[in-house]
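From first to last, the protein sequence lines are chains A and B. As numbered in my numbering, residues 542 to 654 make up the first sequence, in order. As numbered in my numbering, residues 206 to 317 make up the second sequence, in order. We put the beta carbon where it would ideally sit given N, CA and C, even for glycine. These numbers come from a predicted model, not from an experiment.
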Amino acid sequence: QQQVKQSPQSLIVQKGGISIINCAYENTAFDYFPWYQQFPGKGPALLIAIRPDVSEKKEGRFTISFNKSAKQFSLHIMDSQPGDSATYFCAASRGDSNYQLIWGAGTKLIIKP
Amino acid sequence: ETGVTQSPTHLIKTRGQQVTLRCSSQSGHNTVSWYQQALGQGPQFIFQYYREEENGRGNFPPRFSGLQFPNYSSELNVNALELDDSALYLCASSTRRGGELFFGEGSRLTVL
Numbered sequence: 542q543q544q545v546k547q548s549p550q551s552l553i554v555q556k557g558g559i560s561i562i563n564c565a566y567e568n569t570a571f572d573y574f575p576w577y578q579q580f581p582g583k584g585p586a587l588l589i590a591i592r593p594d595v596s597e598k599k600e601g602r603f604t605i606s607f608n609k610s611a612k613q614f615s616l617h618i619m620d621s622q623p624g625d626s627a628t629y630f631c632a633a634s635r636g637d638s639n640y641q642l643i644w645g646a647g648t649k650l651i652i653k654p
Numbered sequence: 206e207t208g209v210t211q212s213p214t215h216l217i218k219t220r221g222q223q224v225t226l227r228c229s230s231q232s233g234h235n236t237v238s239w240y241q242q243a244l245g246q247g248p249q250f251i252f253q254y255y256r257e258e259e260n261g262r263g264n265f266p267p268r269f270s271g272l273q274f275p276n277y278s279s280e281l282n283v284n285a286l287e288l289d290d291s292a293l294y295l296c297a298s299s300t301r302r303g304g305e306l307f308f309g310e311g312s313r314l315t316v317l
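Right under this line is the structure:
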């Protein structure tokens, strides 16, 4: 019940296209859903996060869509750029343990110029 | 503002040895969390320190231990190293429990 399943494992998108990464969770007690971006040799950096009281959150070119009933959330990157090439991780945690993030396995995104 | 710094960046140990990894938290942060990231996988929570006490632990055996110092820096100690301990060890600091995590670049441990 603690798992977060992420797909696809890898993704190639043309420059200017939309990149979509999906995650599904099992634990209905999760109430914090962040996305992290990790470049090679670097630690993960928080990109955007959502709580289940909203169905969508947008920050610049990055949007999280959240479907509470389906227990799924996704990251959309609009107008994808070569600089967006990185590994993306979704994660989830419970309100009483926000520090203990449960992570997906990651998606390696490559944006082709 | 100084970010999260970790040392050493890379190290190689042999099975059965012990290792200590160090982390300096970001200025103003009093909480440190440690994660293990195996190659090609997402990070896994090891434990968190808040006010110099362990404040939550993931599914890791007791040979994984830690400390937090009065200046909020932290150490991760792993005893009796096993081959499966080979991973990137990430330290993250935050201003409070449940706050946004700021990660260091990690310490890559290889166990031979």
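Self-check item: Members of the region 285-296 of chain B that neighbour chain A once the beta carbon cut-off is set at 7 Å
Solution: 295
Exercise. Counting only runs of 3+ residues fully inside the region 261-310 of chain B, write out the beta strand (DSSP E) ranges in chain order.
Key: 269-273, 279-283, 292-299
Quiz prompt | Which listed residue (222(B), 313(B), 291(B), 238(B)) has its alpha carbon closest to that of residue 229(B) | solution = 238(B)
Practice problem: Could you work out which residues of chain B lie near residue 549(A), taking near to mean beta carbons separated by less than 8 Å? | Solution: Correct list: empty, because the minimum Cβ distance to chain B is about 14 Å.
Quiz prompt | Alpha carbon of residue 608(A) to alpha carbon of residue 602(A), nearest angstrom | solution = 20 Å
Quiz item: Is there at least one Cβ from chain B nearer than 8 Å to residue 653(A)'s Cβ?
Solution: no
Quiz item: Any C-beta of chain A sitting closer than 8 Å to the C-beta of residue 278(B)?
Solution: no
Quiz item: So is residue 551(A) buried or exposed if we call it buried at 16+ other beta carbons inside 10 Å?
Solution: exposed
Quiz item: residue 253(B) CB to nearest chain A CB: under 8 Å?
Solution: yes
Quiz item: Taking Cβ positions, are residue 652(A) and residue 623(A) nearer each other than 8 Å?
Solution: yes
Quiz item: Alpha carbon to alpha carbon, how far is residue 630(A) from residue 592(A)?
Solution: 16 Å
Quiz item: Mind checking residue 290(B): buried by the 16 CB within 10 Å criterion, or exposed?
Solution: buried
Self-check item: Sequence-distant residues of its chain with Cβ nearer than 7 Å to residue 268(B) (five each side left out)
Solution: 283, 284, 285
Quiz item: Within 10 angstroms of its Cβ, does residue 288(B) collect 16 or more other Cβ (buried), or is it exposed?
Solution: exposed
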